[in-house]
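Undergrad:
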Amino acid sequence: MFRFISENLWILIPLCVACPSYLVMKLLEPVHYWEKRNIPHLKPWPLLGNFQDVILKKRNFTYVVEEYYKSFPNKRYFGIHQFHIPSLVIRDLDLIQRITVKNFDHFIDHVNIVDTDLDPLFDLDPLFGKDLFSLTGQKWRDMRTTLNLSLAGNKIRTMFCLMSECAKQFNNYFLEKNEDVIEVEMKELMSRYTNDVIASCAFGIQCNSISDEDNTFYKMNRAIISQRSMNIWILVPKSGRKIKINLISTEISTFFDGVIKDTIHARKEKNIIRPDMIHLLMEAMKDGEAEEESEHVYTGFAAVDDDSHASAKTKPAKQELSVEDIVAQTSISFLAGFETVSTLLSHCLYELAVNVDVQKRLQQEIDDAFKKAEGKDLTYECVVNMEYLDMVVSETLRKWPPVAILNRKCNKDFLIEGDETYGEAPFLLKKGLGLMIPVYGLHMDPRYFPNPTSFDPERFSETNRENIVPYSYLPFGTGPRNCIGSRFALLESKTLLTYILSKFDVIAISKTEIPLELAPDTASPLPKGFWLGLKKR
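The sequence shown begins at 461 in our numbering and counts up by one.
The structure is reproduced here in structure tokens:
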């Protein structure tokens with residue numbers, strides 16, 4: 461062995477030098493991606509890219525996005541790196557419109573955690589492989605068409621009675637308490653409400669997570685949010701599959717799969733009809749079902765109207781759903797709202813607590829609605845037609861959007877024409893390149909929203925809405941690939957706000973963090989919690 465080494469040192473020494481050098485070169489090559497193309501960019505760290513502070517949990521992702529957005533005030537776009545992967549950040553509103561609407565055919569897909577071209581096994585994942593967010597190309601178009609019919613505004617309206625029951629259940633629990641001021645961690649509380657709404661409206665299951673803190677459905681929802689294996693998938697997706705680490709644990713997947721399949725079986729056997737998502741998707745399972753005209757139902761300014769956007773050129777077909785499709789769409793699409801809506805409600809109640817004049821005006825509108833109802837339950841129309849309530853929710857979504865960025869993937873080469881005003885030459889986006897739209901940066905840009913850190917619902921009054929620049933306000937995305945659950949989320953949020961504020965003042969307490977700062981760990985919005993007080997009116 462030693463003789464072999466000594467006789468071949470002239471080969472081995474260059475190899476020992478060349479191999480590490482080659483590996484270093486390959487690792488550093490992506491770092492120069494934007495520099496080689498003469499695109500303005502942020503200098504990345506090797507391997508970590510431009511999000512080292514997020515990875516090391518030093519700063520919240522939302523604030524990092526805002527800082528980067530402000531770094532190039534006179535550019536339409538700039539380059540960054542997510543780990544070693546280059547992405548183009550789009551600042552210009554006209555380009556955002558082209559990418560999301562006008563030239564949507566070039567940017568149909570999301571940048572998924574796993575690229576199914578590299579990892580076809582991802583398609584077999586019982587939940588993430590089939591949900592609407594992960595589907596691509598024609599599969600996405602067909603599924604979106606089917607779900608649009610199932611989630612039309614008039615069908616969302618039928619779920620209002622289920623949401624109302626959850627909201628009244630919430631109120632009754634706290635009305636029975638004798639404390640003058642009930643101190644609550646609002647994020648946890650709102651998660652329990654959204655859990656019950658999802659359980660009822662999506663899965664056809666009734667539970668009371670406020671009083672029954674350990675119900676199985678809530679524990680499974682929380683388990684999904686806290687999945688640590690997700691980090692491995694995001695960092696090294698191909699390795700995640702190779703070592704057989706699932707995005708969602710087998711226990712959780714099996715639970716939701718069993719719940720939905722058992723519900724479908726029971727309803728077919730007993731001919732049960734209930735105004736929830738399971739029923740609507742079961743209707744879509746029927747072969748040859750006639751397409752219904754989708755009635756436009758208003759749920760709020762922030763809701764995205766699918767009819768207002770031109771769709772892709774290839775006409776989508778209504779897809780017959782399988783039981784597995786129903787499991788995936790119900791589990792992922794609606795569980796996504798579990799965290800989104802609870803965070804929206806927490807932020808909204810926080811803003812009402814620290815902006816007492818806004819809360820009092822909103823309560824007056826709610827009181828007037830209950831007086832007109834003359835002791836009867838509020839109707840869907842009563843809730844969605846409250847103008848100031850919509851203004852408050854819309855402003856909450858501006859100041860605290862559900863997602864800091866939108867992402868798209870370039871599906872086929874696309875040319876961005878040069879613009880001498882910005883000193884930009886033509887730039888060809890190559891197929892496969894990821895794009896980011898900095899929602900939080902846009903929402904906090906004083907050019908579009910003066911004094912952006914101020915909570916001002918008047919921005920969304922009937923008069924002032926006309927001044928909002930198109931594509932500067934994107935709480936639920938835009939274009940054909942917008943958030944399909946925006947109307948549901950708005951109705952769910954407004955229903956609870958109406959009931960809470962009719963019986964309670966929401967107040968700041970000693971544990972309330974003022975001003976509010978997002979935690980470095982994106983898994984928990986606030987390091988010390990959303991502590992607020994409920995005081996009976």
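Glycine included, C-beta positions come from ideal geometry on N, C-alpha and C.
Can you list, in chain order, the residues of its chain with a C-beta nearer than 7 Å to that of Glu-880? Leave out the 5 residues immediately preceding and following it.
TA: Same-chain partners within the cutoff: there are none.
Undergrad: Taking the C-alpha atoms as reference points, what is the distance between Arg-727 and Pro-533?
TA: When rounded, the distance between both Cα atoms is 57 Å.
Undergrad: Taking the beta carbon of His-903 as the centre, do at least 16 other beta carbons fall within 10 Å, making it buried, or is it exposed?
TA: Buried is the call here.
Undergrad: Can you list, in chain order, the residues of its chain whose CB lies under 6 Å from that of Asn-631, leaving out five sequence neighbours each side?
TA: So the qualifying residues of the chain are Tyr-959 and Lys-963.
Undergrad: Shortest alpha-carbon distance to Pro-500 belongs to which of Pro-506, Ile-540 and Gly-892?
TA: With distances taken between Cα atoms, Pro-500 lies closest to Ile-540.
Undergrad: From Trp-991 to Val-863, what distance separates their C-alpha atoms?
TA: About 22 Å.
Undergrad: For Ser-914, is the classification buried or exposed, using 16 other Cβ atoms within 10 angstroms of its Cβ as the cut-off for buried?
TA: Under this definition Ser-914 is an exposed residue.
Undergrad: Just the C-alpha distance for Thr-723 and Glu-784, rounded to the nearest angstrom, thanks.
TA: If you take the alpha carbons of Thr-723 and Glu-784, they lie about 13 Å apart.
Undergrad: Does the beta-carbon distance from Leu-607 to Leu-592 come in below 8 Å?
TA: Yes, these two residues count as a Cβ contact at 8 Å.
Undergrad: Rounded to whole angstroms, what's the CA-CA distance from Ile-658 to Ala-885? Just pull it up for me.
TA: Spanning the two alpha carbons is a distance of roughly 49 Å.
Undergrad: Glu-952 and Thr-596 look like a contact to me (Cβ under 8 Å); what is the Cβ gap, rounded to whole Å?
TA: So it is not a contact: roughly 28 Å between Cβ atoms.
Undergrad: In angstroms, rounded to a whole number, what distance separates the CA positions of Lys-647 and Asp-717?
TA: Approximately 27 Å between the Cα atoms of the pair.
Undergrad: In or out: Gln-824 buried (at least 16 other Cβ within 10 Å) or exposed?
TA: Its Cβ having fewer than 16 others within 10 Å, Gln-824 is exposed.
Undergrad: Taking the straight line between their C-alpha atoms, what separation do you get for Ser-699 and Phe-543?
TA: Residue confidence is low: Ser-699 scores 42 on pLDDT, short of 50, so the model does not pin down where it sits. Its coordinate-derived value is still stated next. Cα to Cα, the separation comes out at about 15 Å.
Undergrad: Considering Cα atoms alone, identify which of Asp-672, Val-816 and Leu-934 is closest to Val-966.
TA: Residue Val-816 is the option with its Cα nearest to Val-966.
Undergrad: Could you please give the first and the last residue of the uninterrupted alpha helix (DSSP H) stretch that includes Glu-855?
TA: Looking at the DSSP string, the run of the alpha helix (DSSP H) that includes Glu-855 is 847-859.
Undergrad: Considering only C-alpha positions, which residue in the set Glu-625, His-725, Ala-796 and Thr-605 is nearest to Phe-936?
TA: Here the closest residue by C-alpha is Ala-796.
Undergrad: Using the Cα positions of Tyr-633 and Thr-618, report the straight-line distance between them to the nearest angstrom.
TA: So the two alpha carbons sit approximately 25 Å from each other.
Undergrad: Could you check which residue in Arg-821, Val-787 and Pro-861 has the C-alpha nearest to that of Leu-805?
TA: Comparing Cα positions, the closest option is Pro-861.
Undergrad: Per the DSSP calculation, Leu-888 is bridged to which residue(s)?
TA: Note: Leu-888 sits in a beta bridge opposite Leu-875.
Undergrad: Determine the extent of the alpha helix (DSSP H) in which Val-525 is found, giving its start and end residues.
TA: Looking at the DSSP string, the run of the alpha helix (DSSP H) that includes Val-525 is 521-530.
Undergrad: If you drop the 5 nearest sequence neighbours on each side, which residues of the same chain put their C-beta closer than 6 Å to that of Leu-695?
TA: For Leu-695, the predicted model reports a pLDDT of 42, less than 50, meaning its position is unreliable and no value from the coordinates is stated.
Undergrad: Where does Thr-955 land, buried or exposed, given buried means 16+ other C-beta within 10 angstroms?
TA: The residue is buried, with at least 16 neighbouring Cβ atoms inside 10 Å.
Undergrad: Put Arg-604 into one of helix, strand or coil per three-state DSSP.
TA: Helix, per DSSP.
Undergrad: Could you tell me the alpha carbon to alpha carbon distance between Glu-918 and Asn-845, rounded to whole angstroms?
TA: If I take the Cα positions, the gap works out to 16 Å.
Undergrad: As a quick exercise: from Cys-870, Ser-651, Arg-519 and Thr-605, pick the residue whose alpha carbon is nearest that of Asn-563.
TA: Out of Cys-870, Ser-651, Arg-519 and Thr-605, Cys-870 has the C-alpha closest to the C-alpha of Asn-563.
Undergrad: DSSP three-state label for Ser-806, please.
TA: In the structure shown, Ser-806 sits in a helix (DSSP, three-state: H, G or I).
Undergrad: With distance defined between alpha-carbon atoms, name the residue in His-739, Val-899, Met-851 and Tyr-678 nearest to Ala-762.
TA: Cα-wise, what sits closest to Ala-762 is Met-851.
Undergrad: Got a sec, what are the start and stop residues for the beta strand (DSSP E) Ser-914 sits in?
TA: Per DSSP, Ser-914 belongs to no beta strand (DSSP E) and is neither H nor E.
Undergrad: Taking a contact to mean a Cβ-Cβ separation below 8 Å, would you say Asp-736 touches Leu-622 in this structure?
TA: Closer than 8 Å, so yes.
Undergrad: My understanding is that Tyr-529 touches Arg-497, with C-beta atoms under 8 Å, so please give their C-beta distance in whole angstroms.
TA: Contact flag wrong, Cβ pair sits at about 21 Å.
Undergrad: Could you tell me which residues DSSP puts in a beta bridge with Val-644?
TA: In DSSP, Val-644 forms a bridge with Leu-992.
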